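With the UniProt record's numbering, letter number 162 in the first sequence gets 162, and the count goes up by one each step, no holes.
All residues carry an ideal CB built from backbone N, CA and C; glycine is no exception.
Since we're looking at a predicted model, the values are computed, not measured.
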Amino acid sequence: MFGLVDCNNFYVSCERVFQPRLEGRPVVILSNNDGCIISRSAEAKALGLKMGDPYFQVKEQLRREQVQVFSSNYTLYGDMSRRVMHYLGASVPGVEIYSIDEAFLDLGGLEQRLTPYLGNLTDLAQRLRVGVKARTGIPVCVGVAPTKTLAKLANRLAKKDAGLGGVLYLDSGARRAWALGQVPVGDVWGVGRQYAQKLTAAGIDSAADLSRVSEAWARKFLGGVVGARLVRELQGYPCAGLAPSEDGTLHRQSISCSRTFGRPLREQASVLGAVSAFVARAAEKLRRQGDLAHVLTVFVSKNRFGPAADAGSGHSRSAVLTLPVPTSDTRELTARAAQLLARLWEPGAVYVKAGVVMAGLEAPGGQQLGLFGEAAPLAAGAAGEGRSAQMMAALDGLNARFGRGTVQLAAALGPKGGGPVPWQGQAAWRTPAYTTRLEDLMIVK
DNA sequence: TCTGGGGTCCTAGGACCC
DNA sequence: TCTGGGGTCCTAGGACCC
C-alpha cells in the first residue's frame, strides 16, 4: 500500500508560516526573474489566476485584487521541505521523496500491524497530516491506495473535497471505482496535454474510462510501455515500487543549472560569464551529491516568443561533450563549457537564456578501473585528482561559511568595476532566508 | 519592455561490432 | 541469387512531472 503526501500550495504555505497576516488572503509566488506565477493560494486560484500565467499579463489584476506577490525563495522552501521530509521519514518505514513538496510512503503491511487503539490507515494518514502541520506549519493532504497512480488520484480528491478532511484511503474496489469516476482523464498522473487531447477525442473522458482500455491500445497511443503501465496502475496492479530516499535526500541522475538573463545578451563575454556561473553552481550540487560528471552539455536560447520565432522550435541550440575523465572540478568543467559555448556561438545573435547540464554521473573511484577491473596505473593522475578534490572542498567550505559566491572563478565575475551583473534577473519581492541565514533570523519582540 | 527551472523515462534510428 | 541477428553506444526528440 502506498501513501502520497502532498503539501498544499507549498511555496505560498512556506511564506505564510513566517507571515501569518497572509492567511486567508490571495497570495502568489513568482518564478525566477519574476516571470510567471508558480504557486497560488486557494484565494488566488478562486480569482482565476492560473499556474504559469506571465506576471506582466496579470499585473493589473493582481494590483486590483490586492493579491500579495512574492519572488521565489528557494533557500527557504528547500529548508522547509527538509523538515517535512525528515518528520515523514521518522514516522513511517519508507519514504521516497518525489519532489520538493511531495513524498510517497511505503505503508505495506502496516494495516495488519495497526492495533484497534492505533486505528486504520486513514487514522495513520490523519495523524501524519496533523503532525506535519504542528511541526512545520505546512498543511498537507494524504492519499492512500494500492498503487502510486491511485495514491496520486486519491490525494487529488482529498485536496479537492473539504469533506474528506485532507485524507482519502481507497480501501475497497467500490471506493476505487467511485474515485476513478470522479477524475477527468487529463488530471490522471502521467496524462499531459497531448494525451488528454487524444483521449477525449477517442471518447475517453474519465480515469474510469482510461482504466478500461486494452493494453494494446494504451501501448499504441500513450507512449508504449509507459501507457501500458499507467493503465495497469489505475486498475490497481502496482507497476512501480517505492525507491526509498536515503538520509532524506534525492540522488539525481543529471544536474543542471539554467537561467533566463535579466536582459537579452549579444556579447559572448557576458554569456560566458553566465555559463561560468551556472557551471560553478551545478558543480557545487554535483559535489554535494558526491558524484563526478562524465557528460557536459551547454545550451543557449533565443527568445522563443519573438515575431521571428515561428513554429516555436529552433530557438535553442546545445553542444555535448563526453569528458575524457569524469570530474567535478569547477575549473575543468568551466574550461570545457567555454569550448562548447564557442562552438555554439552565432555572431550577431541575441540570447535570452543559457544553461549547463551534467550527466553520466558516477561515484569517484569506479572510473579508474582498467579493462579487467584492475586499478589503472595512474599515479600522477590520482595525485592530481586528490589536489583537485582538496581545492574544491576548500572552495565549497568558504562559500558555505561566508555565503555563495564568496570565492569564484574570474570567468564567473560580473563586469569590471561592479555594477549590475548583466545576466542576473529580477527578484523584487524576495522574503528573507528566515531559517538558513543568521542575519535573516526572525526576531520576536 | 516583461513569458521559470529542474527533473524523469522512453523511443527510434544510425553507426559500429561480432 | 542470398541480404542474420544479436548487442552497444550515441543522438535527437517527445512526452510527462512538479
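Separation of Leu164 and Ala202 (C-alpha to C-alpha, rounded to the nearest whole angstrom) is 32 Å. Closest in C-alpha terms to Lys160, from the list Leu286, Ala42, Ser316, comes Ala42. Closest option to Arg127, judged by alpha-carbon separation, among Leu107, Phe56, Leu170, Ser91: Ser91. Gln339 and Val295 have their C-alpha atoms spaced approximately 14 Å apart.
Judged by DSSP in its simplified three-state form, Ser99 adopts strand. In the three-state reduction of the DSSP assignment, Ala145 falls in the strand class, which pools E and B. Looking only at Val191, Val144, Ala177, Ala174, the smallest Cα-Cα distance to Leu168 is reached by Val144. When the beta-carbon positions are compared, Ala154 and Ala179 come within less than 8 Å of each other. Within a 10 Å sphere around the beta-carbon of Ile204 sit 16 or more other beta-carbons, which makes this residue buried.
In the DSSP assignment, the residues bridged to Cys257 are Val356.
Nearest C-alpha to Leu409 among Ala162, Ser172, Glu332: Glu332. Selection Arg259, Arg430, Arg343 evaluated against Gln68 yields Arg430 as nearest (Cα-Cα).
For Gly306, the closest of Arg113, Arg343, Pro264 by C-alpha to C-alpha distance is Pro264.
Buried is the label assigned to Tyr11, since at least 16 other Cβ atoms lie within 10 Å of its Cβ. Cβ neighbours of Ala158 within its own chain (closer than 7 Å, five residues either side excluded): Cys141, Val142, Gly143, Leu164, Gly166, Val167, Leu168. The DSSP-derived three-state label of Arg263 is strand. Under the DSSP assignment, Gln68 falls in the beta strand (DSSP E) whose first and last residues are 68–71. As the crow flies, the alpha-carbon of Ala196 is around 38 Å from that of Gln112.
Restricting attention to alpha helix (DSSP H) runs no shorter than 4 residues, the segment 2–77 encloses them at 10–18, 42–46, 55–64, ordered along the chain.
Fully enclosed beta strand (DSSP E) runs of no fewer than 3 residues occupy 140–145, 167–169 of the segment 124–199, in order along the chain.
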